[in-house]
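Accompanying notes for the structure given below.
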Amino acid sequence: MADVKLEVKYGVDNERIAELLIATMKTYIVPMDGVLSAPDPNVRYTKLDSDHLDLLVEVPVVDLEAKLDIENKMRQIIAKLIYEHGMELKESEESEKKSNPRWKPDT
Numbered sequence: 014m015a016d017v018k019l020e021v022k023y024g025v026d027n028e029r030i031a032e033l034l035i036a037t038m039k040t041y042i043v044p045m046d047g048v049l050s051a052p053d054p055n056v057r058y059t060k061l062d063s064d065h066l067d068l069l070v071e072v073p074v075v076d077l078e079a080k081l082d083i084e085n086k087m088r089q090i091i092a093k094l095i096y097e098h099g100m101e102l103k104e105s106e107e108s109e110k111k112s113n114p115r116w117k118p119d120t
């Protein structure tokens with residue numbers, strides 16, 4: 014199974030995101046070589062956190078080599094989808110540290 018994890022902020026319409034992700038996978042990923050015809054692509058809710066929800070986008074593939082190529086393409090297409098629909102992902106801890114620097118004394 015090829016899969017890509019997304020951390021989506023609360024307040025976003027998660028059902029709509031799941032619908033868009035599945036439709037996008039069916040349009041752009043399922044026709045690729047190495048993707049199995051069944052089962053259909055799936056979006057699973059894998060974790061509830063204090064500020065976000067983890068989603069896992071899954072597409073069935075024939076083998077490990079196909080998995081790596083297909084996951085790469087999935088990330089590209091999901092990034093475009095996020096941009097086009099203005100979806101908000103959870104900021105990484107590294108980004109949060111840079112945007113909220115805290116002074117620390119020299120040690």
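Be aware that the sequence shown starts at 14, since it is given in our numbering, and climbs by one per residue.
By construction, the Cβ of each residue, glycine as well, lies at the ideal position given by its N, Cα and C atoms.
Residues near residue i by beta carbon distance below 7 Å, same chain, minus five either side
{"i": "H65", "result": "E20, V21, K22, Y23 and K103"}
Residue i and residue j closer than 8 Å at C-beta
{"i": "L81", "j": "T37", "result": "no"}
{"i": "V17", "j": "E78", "result": "no"}
{"i": "A92", "j": "V56", "result": "no"}
Integer-rounded CB distance, given that residue j should sit under 8 Å from residue i
{"i": "A15", "j": "M87", "result": "6 Å"}
{"i": "V74", "j": "L49", "result": "6 Å"}
Residue i - containing alpha helix (DSSP H), residue span
{"i": "Y96", "result": "L77 to H98"}
{"i": "T37", "result": "N27 to T37"}
Contacting residues, own chain, Cβ-Cβ under 8 Å from residue i (five flanking each side not counted)
{"i": "K39", "result": "D53 and P54"}
Environment of residue i [buried if 16+ CB atoms lie within 10 Å]
{"i": "V70", "result": "buried"}
{"i": "L61", "result": "exposed"}
Limits of the unbroken beta strand (DSSP E) element including residue i
{"i": "A15", "result": "A15 to K22"}
{"i": "T59", "result": "N55 to L61"}
{"i": "D6", "result": "With the chain covering 14 to 120 only, the question about residue 6 has no answer from this structure."}
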